[in-house]
Each structure stands twice: as structure tokens, then as C-alpha cells.
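If you're matching them up, the sequences are chains A and B in order. With my numbering as the guide, the letters of the first sequence map in order to residues 1 to 112. With my numbering as the guide, the letters of the second sequence map in order to residues 1001 to 1113. Accompanying notes for the structure given below.
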Amino acid sequence: NAGVTQTPKFQVLKTGQSMTLQCAQDMNHNSMYWYRQDPGMGLRLIYYSASEGTTDKGEVPNGYNVSRLNKREFSLRLESAAPSQTSVYFCASSGTPQGEQYFGPGTRLTVT
Amino acid sequence: TQLLEQSPQFLSIQEGENLTVYCNSSSVFSSLQWYRQEPGEGPVLLVTVVTGGEVKKLKRLTFQFGDARKDSSLHITAAQPGDTGLYLCAGATFGAGSYQLTFGKGTKLSVIP
């Protein structure tokens, strides 16, 4: 089992460029999440998907869109990247009784 | 907005010392989870506490959930260099069909050999 995988691991974008971060899980979990982690700010929820076919905004959704492609895959899209979106992005999935989450290795994004 | 205040933010100790990390909130959570994160990796779940007053032990790590289910602590006995990392607490609430986690900002622990 690979758990939660994310691609790419590193990315550098210029302001205004777009990109999609990919996430997949092989644990048959219903719920999936996207977070960003910034120094001094902790992990902040961007979007989540409670189940296939549903998505909801988290704490910091502005500038992002998501797609729950199927039960396994949940992608995060930056339509027009801004320097403020420089961060480490983590995808997570959950399917346990108490909502414990399993995280991917992260994508380190720099926007110049 | 639910907040989890985690303290201390940074901790540097000698191998063999004991330490406690605190996680406090004014909100009630259905569970409190502790994660550990190493540089360049995602957080990894250590433990979940569910019942008020619950105590769980994981080798040299002891986790406690407050009676009112608003706060938690992590105590490490005889810290080892391998305990070095970022420790995150997270409170779970259920809504809109799934659990959401509110994370504290973390405690960065360095254990010096």
C-alpha cells in the first residue's frame, strides 16, 4: 500500500501561471483534504471532500479550486498563482471512526 | 472559529530530560489527535484520545485528554534524539458529512545528544 501520494514534489511557478496538484489514496477512504502549511501558521484547511461527488471550502479557499475525480483522487488547482500561495501543500485522507487523517509527503510550491 | 493554542512553540532539551507539551482550547472536540512531523514529510498520527480524562501511553510518550475534552498534554520521559520533530495537536469536529481537524501551530522539539 502506498497510502497517500502527491505529485509533483517540488514546483516553481511565475506569478499568473496555473497548475494542478494531484493526490491519490489507496486506502478506500471516503474523505479527502487539502492543507497548506506556512511557518508560524500551522496547517490550514483549504478544501475538503466528505465523499465522492462533494467538495466544501475550508478556512483558506480563495485562489484555489478542487476536483474530486473519483473516490481515490482529489486535485487542487491554482488558476493564477500569486506569491502569497508559496507554501507546502499536503493532501490527506480519512476513513476511520474518529476522523484520523493520513497525509501525503507534500508539494513544495514557490511562486516568484 | 475554533482555536487550539499549543505551547511551547520551541523546545530544546538534553537527551534524557523530560518534557511536556500543552494543547488548549475553549472549544469541545469529539477527539484530540497528536501527530509528529519530520522535516520534508507529512504529519504522522501518534495517538487519538476520545474520552475526557483519558490517558494513553506509547512507549515513553504519555498523552492525556482533559476532563472537559478541551485540552490535552503530551509528556515525554527521558527524551531521545529520535524524538526530535514537530509535534502537532489537532481537535476533531464532525460536520457536513466528515470530520474536520483544527490544528495547533505545533511544538518544534530538538533533543540534543
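Beta carbons: idealized from backbone N, C-alpha and C, even for Gly.
When Cβ-Cβ separations below 9 Å define contact, residue 58 of chain A makes contact with chain B.
Distances from the CA of residue 61 of chain A to each of A:17, A:14, A:48 and A:96 were compared; the closest alpha carbon is that of A:48. Non-local C-beta neighbours of residue 18 of chain A in its own chain, meaning closer than 8 Å and more than five positions away in sequence, comprise 77, 78, 79, 80 and 81, ordered along the chain. Interface annotation, residue 54 of chain A: in contact with chain B, CB-CB separation under 9 Å. Between residue 1098 of chain B and residue 50 of chain A, the CB-CB gap stays under 9 Å. Proximity of chain B to residue 8 of chain A at the Cβ level (cut-off 7 Å) is not reached, the minimal Cβ distance being about 14 Å. Under the DSSP assignment, residue 1005 of chain B falls in the beta strand (DSSP E) whose first and last residues are 1005-1007. When DSSP states are grouped into helix, strand and coil, residue 1110 of chain B belongs to the strand group. With contacts defined as CB atoms closer than 9 Å, residue 1037 of chain B and residue 1087 of chain B qualify as a contacting pair.
Taking a cut-off of 8 Å for Cβ pairs, the region 28-43 of chain A and the region 1012-1020 of chain B do not touch, as fewer than three such pairs fall below it.
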